[in-house]
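> Here you go, one structure.
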Amino acid sequence: MTNEETIENGYGDALSAPFWQAAKEHKLLLQQCGNCSHFQFYPRPYCLECQSDDVSWVEASGKGTVYSQTTVHVQVSPDFNPPYTVVLVELEEGPRLLGHVSEGEPAIGDQVTIDWNEREDKPPLPVFSVA
Amino acid sequence: MGQVNDSPIYIAGVAETPLGEVHDQTELSMVALAAREALDEAGMTLKDVDGIFVNYMGEEGSVQVAEYLGIQPRYADSSDLGGAAFEAFVHHAMNAVSNGRCEVALICYASRQRTRRSRSMAPRGDDDSLTAQFQGAYGLPSPIGHYAMIAARHMHQYGTTSEQLAEIAVAARKWAQKNPKAWKQDPLTIEDVLNSRMISTPLHRDDCCLVTDGGGAIIVTTQERARNAAKKAIRVLGAGESHTHWHISQMPDLTVSAGQVSGREAFGQAGITPADVDVLVPYDSFTITVLMALEDLGFCAKGEGGAFVEGGRLAPGGSLPAMTMGGGLSYNHPGALGLLLLVEAVRQLRWEADGRQIEDAEIAVAHGVGGVFSTSGTVVLARD
């Protein structure tokens, strides 16, 4: 499916639409460079390491480590009821992703695996469970 | 090619806007009042201003402010480096003035975020922005959630404690008690900070800066023009700026801020080391902001900021006086503190800081930090 089609069908921007399309199937995609193998996320039109155009979406292992986290005790918007924990996960492939915690109480350094939170009006949101 | 900045550059005037809760002025009128006061100190008028540097004063901020003041500049800058923009503006003004592109630079700012109740912690970004897709969706409070994650990582990696962070808030309060203009004057202990409400772990309410109205103005000019100043002009020895990220997921190392680069640039240009600094005026948006600045500017090694601040080292009587006006934690935080850091640094070097004056202060550093620990601007000032 081309970018144009995914944007028409769903959520995201011109570059991120494939990510959200895959999210519907609970697949976590990262960009990888065909020239230097560098992984990057969020998506860019070329590799930030070597500037090659040869970047493509690949499925990530879904495994990572909690790099940092915070538990929020204040109401910042009607969409979130405190307390809730936001983790910053370093994926095995290198890039970091924010996430909520679907299961367990992680500490920094803990291994986590990808999970998905279904949303009504948007594709599933990547979250993490303690491995 | 010779050194670009070989002609001495000075800050010839500084002023605060009305502070605290301001009901009888607008942001533009506050800026106008501060600009006149700073120009008075410099022995100048609005007619002398040919460069204008403004952040957070609305769309095309320098254009709005210049019109309000009746100025048609030949150099204008509304670069948005968040709260660190004002240290970056000194950097930019230094280059512009030393290259003859303008001669009298007015840097100014005002906010009424307290009176307007305009401060929100809601995540930023339009619905289809990268920020909304990958960050806002998690409800990370802006900016505190980002600083909280940085503090948590620093604690994990280096064993930094909440007590050590609280030392910074206590030091700021002790300085504030010596400044009649400070918003918070009541006593504060480490226990008080630890017992204050948890906002976003590990940061408590008293790890966070105030929300007040305020702002200021400063005048950057040549040595020749600064000779007419009513008060002692203070030399800009060096300045630098940098930024690392917009999204927290993109910050290369959560324990290293852009201050490493801005500090290296500013200290290098000034030809000084941290040991030469008599007064440090760091941006204290949160306690962790100061702790990381101490490391990134080289006052202590990376990871040793916690131990460094223990025993009141930054407080009155300590070996590194910092946040001497009470900082954003206790004096005033009008959304962007960077300009008021410069005002305090200049007053310390003019030896006019009254009850909080650092004796014989000759070198001061103002270190701005903005965004979500994204940006830094460092300015080294000297009494000569």
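Line by line, the protein sequences are chains G and Z.
When we follow our numbering, the leftmost residue of the first sequence carries the number 126, and every step to the right adds one.
When we follow our numbering, the leftmost residue of the second sequence carries the number 168, and every step to the right adds one.
Yeah, the Cβ is synthetic: ideal placement off N, Cα and C, and Gly gets one too.
(1) If we define contact as Cβ-Cβ less than 8 Å, is R169(G) a contact residue for chain Z?
(2) Using a Cβ cut-off of 8 Å (strictly closer), state whether M365(Z) contacts chain G.
(3) Assuming V221(Z) and S245(Z) form a contact by the criterion Cβ under 8 Å, report the distance between their Cβ atoms to the nearest whole angstrom.
(4) Taking the alpha helix (DSSP H) that R203(Z) falls in, what are its first and last residues?
(5) In terms of DSSP beta bridges, what is Y450(Z) paired with?
(6) With distances taken Cα to Cα, identify the nearest neighbour of V212(G) among V191(G), H198(G), Q200(G) and G229(G).
(7) Return no unless some Cβ of chain G is closer than 8 Å to the Cβ of S452(Z).
(8) By DSSP, does N362(Z) sit in helix, in strand, or in coil?
(9) Is the shortest distance between the beta-carbon of H151(G) and the beta-carbons of chain Z less than 8 Å?
(10) When the cut-off is 8 Å and only beta carbons count, does M288(Z) lie next to chain B?
(11) Quick one, are the C-beta atoms of G250(Z) and G430(Z) less than 8 Å apart?
(12) Using a Cβ cut-off of 8 Å (strictly closer), state whether Q176(G) contacts chain Z.
(13) Can you find the residues in the same chain that come closer than 7 Å, C-beta to C-beta, to L236(Z), ignoring five residues on each side of it along the sequence?
(14) Under 7 Å, CB to CB, which of the residues in the stretch 313–326 of chain Z have a partner in chain G?
(15) I want to see whether chain G comes within less than 8 Å of S416(Z), judged by CB atoms only; does it?
(16) Would you verify that the beta carbon of Q331(Z) is, or is not, closer than 8 Å to some beta carbon of chain G?
(17) Determine whether the Cβ of G135(G) lies closer than 8 Å to any Cβ atom of chain Z.
(18) Would you mind giving the Cβ-Cβ distance between L464(Z) and G426(Z), rounded to the nearest angstrom? I have them listed as a contact below 8 Å.
(19) Residues of chain Z with a CB under 8 Å from the CB of Q236(G): which are they?
(20) Report the partner residues of C275(Z) according to the DSSP bridge assignment.
(21) Check whether chain Z comes within 8 Å of V211(G), counting only Cβ atoms and requiring the distance to be less than that.
(22) Could you give the distance in angstroms between the alpha-carbon of I176(Z) and the alpha-carbon of N346(Z)?
(23) Does L223(G) come within less than 8 Å of chain Z when only Cβ atoms are used?
(24) Report the residue ranges of all beta strand (DSSP E) runs contained in full by the stretch 498–536 of chain Z; include only those spanning at least 3 residues, in chain order.
(25) Would you please verify whether the beta carbon of L155(G) is less than 8 Å from any beta carbon of chain Z?
(26) Below 8 Å between beta carbons: does that hold for I366(Z) and V199(G)?
(27) Do D207(Z) and G225(Z) count as a contact pair if the criterion is CB distance below 8 Å?
(28) Between the Cα of A209(Z) and the Cα atoms of A489(Z), N395(Z), V446(Z) and H534(Z), which residue gives the shortest distance?
(29) I believe G502(Z) touches S278(Z) by the beta-carbon criterion, under 8 Å. Please report the beta-carbon distance rounded to the nearest angstrom.
(30) So, is the C-beta of G538(Z) closer than 8 Å to a C-beta in chain G?
(31) Considering only the beta carbon of each residue, do T379(Z) and N499(Z) sit closer than 8 Å?
(32) Determine, for W241(G), whether the minimum Cβ-Cβ distance to residues of chain Z falls below 8 Å.
(33) Quick one, which residues of the stretch 192–212 of chain G are near chain Z if we go by CB-CB under 8 Å, in chain order?
(34) Please confirm whether P310(Z) has its beta-carbon closer than 8 Å to some beta-carbon of chain G.
(35) Out of curiosity, what's the CA-to-CA distance linking D178(G) and P170(G)?
(36) Any idea if H190(Z) is buried or exposed, counting beta-carbon neighbours within 10 angstroms, 16 or more meaning buried?
In brief:
(1) no
(2) yes
(3) 5 Å
(4) DSSP places R203(Z) in the uninterrupted alpha helix (DSSP H) bounded by E194 to A209.
(5) Answer by DSSP bridge pairing: none, since Y450(Z) is not bridged.
(6) V191(G)
(7) Interface with chain G (8 Å Cβ-Cβ cutoff): S452(Z) is excluded.
(8) Helix at N362(Z).
(9) no
(10) Within the model displayed, chain B is absent; protein chains G and Z are what it includes.
(11) One thing to note: G250(Z) has its Cβ no nearer than 8 Å to the Cβ of G430(Z).
(12) no
(13) A199, A202 and L213
(14) A315, M316, A319, R320 and H323
(15) yes
(16) Taking Cβ atoms only, chain G never reaches closer than 8 Å to Q331(Z), which makes this a no.
(17) no
(18) 6 Å
(19) Here the premise fails: no neighbours, minimum Cβ distance about 15 Å.
(20) V221(Z) and A384(Z)
(21) yes
(22) Whole-angstrom Cα-Cα distance: 29 Å.
(23) yes
(24) none
(25) no
(26) yes
(27) D207(Z) is positioned such that its CB atom lies no closer than 8 Å to that of G225(Z).
(28) N395(Z)
(29) G502(Z) to S278(Z), Cβ: 4 Å. Contact.
(30) no
(31) Their beta carbons are under 8 Å apart, which means T379(Z) touches N499(Z) by this criterion.
(32) no
(33) If the cut-off is 8 Å between Cβ atoms, the stretch 192–212 of chain G has Y192, S193, Q194, T195, T196, V197, H198, V199, V201, S202, D204, F205, Y209 and V211 near chain Z.
(34) no
(35) 7 Å
(36) exposed
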